[in-house]
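Visitor: In the working numbering, the protein residues as written are 178 to 652.
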Amino acid sequence: MSTLAAQDATMYWLSSRTRNDLFLLYCFDDSGRPSVELREFVARRSARIADLRVRLHELPRDLDYPSWVRCDFRAEQFVEHFLPEANWPGVCTAVGKLLGTGVDAAVRPWRLHVFRGIDGAPRGGPGPAMVVVLQLSHALADGRRGTEIARALFAESDPVEPAAAARDSIAAALGVRGRRIGTAARELAPVSAIHVDSALALLRMPLRIARTAVLGYHAFLAQRELAELTTAGKIPEPGPGFAPSPVNRPGALHGNRPYDAHQVRMIICDAVRMRIPGHTVTVVALTAVSIALDRYLTARGEQVDRLGAQVPMALSGNRIAARNNYRSLGVELFIDEPEPLARADRIAAALADRRIRAHHPLLTAQDRVTAVTPAPLLRRDVDRYPIDTVPDSIAGHTVVSSVHRGPADLTFGGASVRFTGGFPAIGSVMHLTHGVHGLGDTVTVSVHANTAVLPDIDTYTDLLRAALNEVCVPR
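Listed below in structure tokens is the structure:
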């Protein structure tokens with residue numbers, strides 16, 4: 178049993194307030210193999226993947242962070258969907274509805290959705306397609322780890338069991354002595370394990386509070402030093418703030434909350450066209466989004482002087498033993514620059530500065546404070562955080578999340594993969610997000626939007642497709 182890191186627990190607790198699951202879409206050829214055989218394959222394969230045979234165990238009143246405990250596959254984790262019309266538009270509509278759902282990680286933190294016999298799918302072969310969507314709790318994985326889980330599930334060969342499990346949380350907090358106390362208490366006292374865990378959590382609380390105070394002071398010193406280095410020009414400045422745009426304001430209301438009607442579209446591109454010399458696929462996508470979003474807002478009669486995007490960046494290594502190991506970078510999109518390649522140059526330079534700052538060791542000081550904060554205090558902060566309000570200044574108007582998912586050597590039911598896609602979550606501020614996912618010789622640019630704020634997603638998608646063609650012109 179391993180305890181969640183604070184970042185992962187935050188994702189779990191947020192899931193009760195907003196939908197934040199990961200949805201990894203893979204399009205395969207449809208081999209025609211019976212669905213019962215596919216379900217049996219998923220049951221067998223998931224039993225060999227450590228991340229797919231766990232669920233969360235919580236303590237009363239959140240005295241400590243939830244823990245991962247072992248569990249078996251359930252038949253209802255394989256969901257086959259039957260569409261009125263088994264075609265690509267029908268899949269997009271169905272996937273949009275899925276994005277409004279969430280798994281309960283305390284029951285099972287993942288689910289596999291399957292759509293069979295789909296006609297008209299992009300990159301089509303001679304026969305119909307099978308679209309598979311792997312839904313993961315964000316407590317279980319971030320985008321990079323989710324990709325690793327999906328590759329293990331759909332790899333041609335069986336996955337290899339990791340050599341060692343994560344270190345026990347009690348040992349991490351109290352050392353070996355704490356683990357021995359827990360074992361002795363379980364053996365000598367006629368109480369349930371949950372009471373033992375709760376008692377140990379209470380014993381650890383003063384130590385956690387003390388460590389939080391000490392590390393908080395160090396974080397204050399680090400923040401002051403970071404500001405001094407920034408003023409001296411030795412570290413790039415933080416990303417700029419932006420005034421919210423029309424795609425960041427709540428649309429129609431459903432009860433007392435924004436109406437979350439999710440819709441998706443996907444643009445599948447040849448990877449070679451997205452590789453402009455000197456620029457990453459992420460920069461190419463950001464440049465196209467800057468053009469499309471500017472033109473879309475202008476066509477609606479909205480005057481926007483500046484646009485920005487939030488770009489999640491994976492952190493190297495596992496500094497804090499968290500499954501969610503990334504930072505979100507706020508990047509200017511420079512819509513005042515009319516020439517696409519020059520705009521891409523400026524976006525790339527801004528993104529590079531944000532990366533340099535994000536990797537600076539001084540920024541990890543606050544992470545260390547969060548990592549030792551007592552669970553009840555962090556849970557209180559998560560519950561009180563105003564996720565339903567739009568601040569006066571935001572880090573970006575949209576999200577562009579980019580993950581390369583490796584070679585196209587995945588199979589399901591004996592059929593080859595065609596492409597992949599993904600859909601960053603929308604919320605009270607981000608009503609329009611983009612996923613950029615490479616697999617083999619394809620790159621899929623996915624659009625995820627709230628109907629109440631962006632009712633004409635096809636218009637926006639057409640603008641984005643045209644912008645990609647404009648940016649990706651051979652030079």
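Using N, Cα and C, we set each Cβ at its ideal position, and we do this for glycine too.
1) At the level of alpha carbons, what is the spacing between Arg-230 and Leu-289?
2) Taking just the CA atoms, how far does Ala-316 sit from Pro-517?
3) Distance, Cα to Cα, Phe-419 vs Leu-510?
4) Does the stretch 203-210 come close enough to the stretch 589-606 to have 3 or more Cβ pairs within less than 8 Å?
5) Locate the beta strand (DSSP E) running through Leu-202, then write down its first and last residues.
6) Got a sec? Which residues, its chain only, sit under 7 Å from Ala-154 by beta carbon, not counting five neighbours each side?
7) To the nearest angstrom, report how far apart Gln-184 and Pro-303 are at their CA atoms.
8) Excluding five sequence neighbours on each side, which residues of the same chain lie with their C-beta closer than 6 Å to the C-beta of Ser-505?
9) Suppose the cutoff is 7 Å on Cβ atoms and the five residues either side in sequence are ignored; what does the same chain contact list for Asp-220 look like?
10) Could you check where the alpha helix (DSSP H) with Cys-269 kicks off and where it finishes?
11) Would you mind working out which of Arg-401, Pro-305 and Arg-532 sits nearest Ala-491, comparing C-alpha positions?
12) Measure the alpha-carbon distance for Ile-347 versus Ser-334 and round it to whole angstroms.
13) Alpha carbons only, please: which of Phe-255, Asp-447 and Asp-228 is nearest the one belonging to Arg-328?
14) Give the C-beta separation of Val-291 and Val-256 to the nearest angstrom, bearing in mind that I take them to be a contact with Cβ-Cβ under 8 Å.
15) Once the 5 residues before and after Ala-350 are set aside, which same chain residues still bring their CB inside 8 Å of it?
16) With a 10 Å radius around its C-beta and 16 neighbouring C-beta atoms as the bar for buried, classify Leu-398 as buried or exposed.
17) Let's see if you can read the secondary structure: which residues bound the beta strand (DSSP E) around Pro-489?
18) Can you tell me whether Gln-254 is buried or exposed, with buried defined as 16 or more other CB within 10 angstroms of its CB?
19) Under the assumption that Arg-300 contacts Ile-445 (Cβ atoms under 8 Å), give the Cβ distance between them as a whole number of angstroms.
20) How is Asn-502 classed by DSSP in three states: helix, strand or coil?
21) Please work out which residues of its chain come closer than 7 Å, Cβ to Cβ, to Ala-438, disregarding the five sequence neighbours upstream and downstream, and give them in chain order.
22) Contact between the stretch 557-564 and the stretch 512-529: three or more CB pairs below 8 Å?
23) Is it true that the CB of Asp-239 sits closer than 8 Å to the CB of Tyr-503?
24) Give the range of the alpha helix (DSSP H) segment to which Ala-244 is assigned.
25) Run through the stretch 592-626 for me and flag every whole beta strand (DSSP E) of 3 or more residues, listed as ranges in chain order.
26) Relative to the C-alpha of Val-576, which candidate in Val-466, Ala-519, Arg-545 and Asn-646 has its C-alpha closest?
27) Just list the residues that DSSP pairs Arg-442 with in beta bridges.
28) Which residue or residues does DSSP assign as beta-bridge partners of Gly-507?
29) Any contact of the stretch 388-404 with the stretch 540-551, i.e. 3+ C-beta pairs under 8 Å?
30) Am I right that Val-424 and His-608 are in contact with their C-beta atoms under 8 Å? What's the rounded C-beta distance?
31) Should Glu-634 and Arg-442 be called a contact, given that it needs their Cβ atoms to be closer than 8 Å?
32) Rank Leu-236, Ala-298 and Val-309 by C-alpha distance to the C-alpha of Gly-599 and give the top, closest one.
33) Leu-201 and Gly-323 - do their beta-carbons sit closer together than 8 Å?
34) Which residue marks the beginning of the beta strand (DSSP E) containing Gly-320, and which one marks its end?
35) Inspect the beta-carbon positions of Ala-271 and Leu-260 and report whether they are closer than 8 Å.
Guide: Let's see:
1) Position 53 of the sequence shown, counting from 1, holds the residue named residue 230. Position 112 of the sequence shown, counting from 1, holds the residue named residue 289. Roughly 14 Å separates the two Cα atoms.
2) Looking up residue 517 in the sequence shown gives position 340. Looking up residue 316 in the sequence shown gives position 139. So the alpha carbons of these two residues sit roughly 38 Å apart.
3) As a first step, residue 419 is located in the sequence shown; it is residue number 242 there, counting from the start. As a first step, residue 510 is located in the sequence shown; it is residue number 333 there, counting from the start. Distance between the alpha carbons of Phe-419 and Leu-510 is about 11 Å.
4) yes
5) For the purposes of this step, residue 202 is taken as residue 25 along the sequence shown, with counting starting at 1. Unbroken beta strand (DSSP E) run through Leu-202: 199-206.
6) Residue 154 lies beyond the residue range present for the chain, which begins at 178 and ends at 652; the question has no answer from this structure.
7) In the sequence shown, the residue the question calls residue 184 occupies position 7. In the sequence shown, the residue the question calls residue 303 occupies position 126. Rounded to the nearest angstrom, the two C-alpha atoms are 45 Å apart.
8) The count along the sequence shown starts at 1 and reaches residue 505 at position 328. The answer, listed in chain order, is Gln-487 and Pro-489.
9) As a first step, residue 220 must be located in the sequence shown, where it is residue number 43. Inspection of the sequence shows that residue 220 is occupied by Ala rather than by Asp. These residues qualify, in order along the chain: Phe-250.
10) Taking the first residue of the sequence shown as position 1, residue 269 is located at position 92. Where Cys-269 is concerned, the enclosing alpha helix (DSSP H) stretches over 265-275.
11) Residue numbering aside, residue 491 sits at position 314 when the sequence shown is read from its first letter. The shortest Cα separation from Ala-491 among Arg-401, Pro-305 and Arg-532 belongs to Arg-532.
12) By 1-based counting over the sequence shown, the position of residue 347 is 170. By 1-based counting over the sequence shown, the position of residue 334 is 157. Low local confidence applies: a pLDDT of 31 at Ile-347 is under 50, so the model's placement there is unreliable, with the coordinate-based value given in what follows. The alpha-carbon atoms of Ile-347 and Ser-334 are separated by roughly 36 Å.
13) As a first step, residue 328 must be located in the sequence shown, where it is residue number 151. When each option's Cα is compared against that of Arg-328, the closest is Asp-228.
14) Numbered from 1 along the sequence shown, position 114 holds the residue referred to as residue 291. Numbered from 1 along the sequence shown, position 79 holds the residue referred to as residue 256. Confirmed, Cβ separation roughly 7 Å.
15) Taking the first residue of the sequence shown as position 1, residue 350 is located at position 173. Bear in mind that a pLDDT of 36 at Ala-350, under 50, signals an unreliable position, so the number given afterwards is only what the model happens to contain. Counting only Cβ-Cβ distances below 8 Å, and skipping sequence neighbours, we find Arg-381, Leu-384 and Arg-385.
16) Here residue 398 refers to the residue found at position 221 when the sequence shown is read from its first residue. The residue in question, Leu-398, is exposed, as its Cβ has fewer than 16 Cβ neighbours within 10 Å.
17) Position 312 of the sequence shown, counting from 1, holds the residue named residue 489. Run containing Pro-489: 485-491, per the beta strand (DSSP E) assignment.
18) The residue labelled residue 254 in the question sits at position 77 within the sequence shown. Per the 10 Å Cβ criterion, buried.
19) The residue given as residue 300 occupies position 123 in the sequence shown. The residue given as residue 445 occupies position 268 in the sequence shown. Between Ile-445 and Arg-300 the Cβ distance is about 6 Å, and since that is below 8 Å, they are a contact.
20) Translated into positions along the sequence shown, residue 502 becomes position 325. Note: Asn-502 maps to coil in three-state DSSP.
21) In the sequence shown, counting from the first residue as 1, residue 438 sits at position 261. Contacts found: Asn-627, Thr-628 and Ala-629.
22) The stretch 557-564 is not in contact with the stretch 512-529.
23) Counting from one through the sequence shown, the residue named residue 503 turns up at place 326. Counting from one through the sequence shown, the residue named residue 239 turns up at place 62. Cβ distance not < 8 Å, so Tyr-503 and Asp-239 don't count as in contact.
24) Looking up residue 244 in the sequence shown gives position 67. Note that residue 244 corresponds to Ser in the displayed sequence, not to Ala. Where Ser-244 is concerned, there is no enclosing alpha helix (DSSP H), although the beta strand (DSSP E) around it starts and stops at 244-247.
25) 592-599 and 609-616
26) Here the question's residue 576 lines up with position 399 in the sequence shown. For the residues Val-466, Ala-519, Arg-545 and Asn-646, the minimum Cα distance to Val-576 belongs to Val-466.
27) Here residue 442 is taken as the residue at index 265 of the sequence shown, counted from 1. Arg-442 pairs with Val-624.
28) Residue mapping note: residue 507 aligns to position 330 of the sequence shown, counting from 1. Looking at the DSSP assignment, Gly-507 forms a beta bridge with Gln-487.
29) Pairwise C-beta distances place the stretch 388-404 in contact with the stretch 540-551, as three or more of them are shorter than 8 Å.
30) Residue 424 sits at position 247 when you count from the first residue of the sequence shown. Residue 608 sits at position 431 when you count from the first residue of the sequence shown. 5 Å between Cβ atoms; contact.
31) As a first step, residue 634 is located in the sequence shown; it is residue number 457 there, counting from the start. As a first step, residue 442 is located in the sequence shown; it is residue number 265 there, counting from the start. Residue identity check: residue 634 is Ile in the sequence provided, not Glu. Result yes, Cβ atoms of Ile-634 and Arg-442 sit closer than 8 Å.
32) Numbered from 1 along the sequence shown, position 422 holds the residue referred to as residue 599. Ranking the options by Cα distance to Gly-599, first place goes to Val-309.
33) Here residue 323 refers to the residue found at position 146 of the sequence shown. Here residue 201 refers to the residue found at position 24 of the sequence shown. Yes, they are a contact pair.
34) For the purposes of this step, residue 320 is taken as residue 143 along the sequence shown, with counting starting at 1. From DSSP, Gly-320 is part of no beta strand (DSSP E) but of the alpha helix (DSSP H) over 320-331.
35) Locating residue 271 in the sequence shown gives position 94, counting from the first residue. Locating residue 260 in the sequence shown gives position 83, counting from the first residue. Contact flag set, yes.
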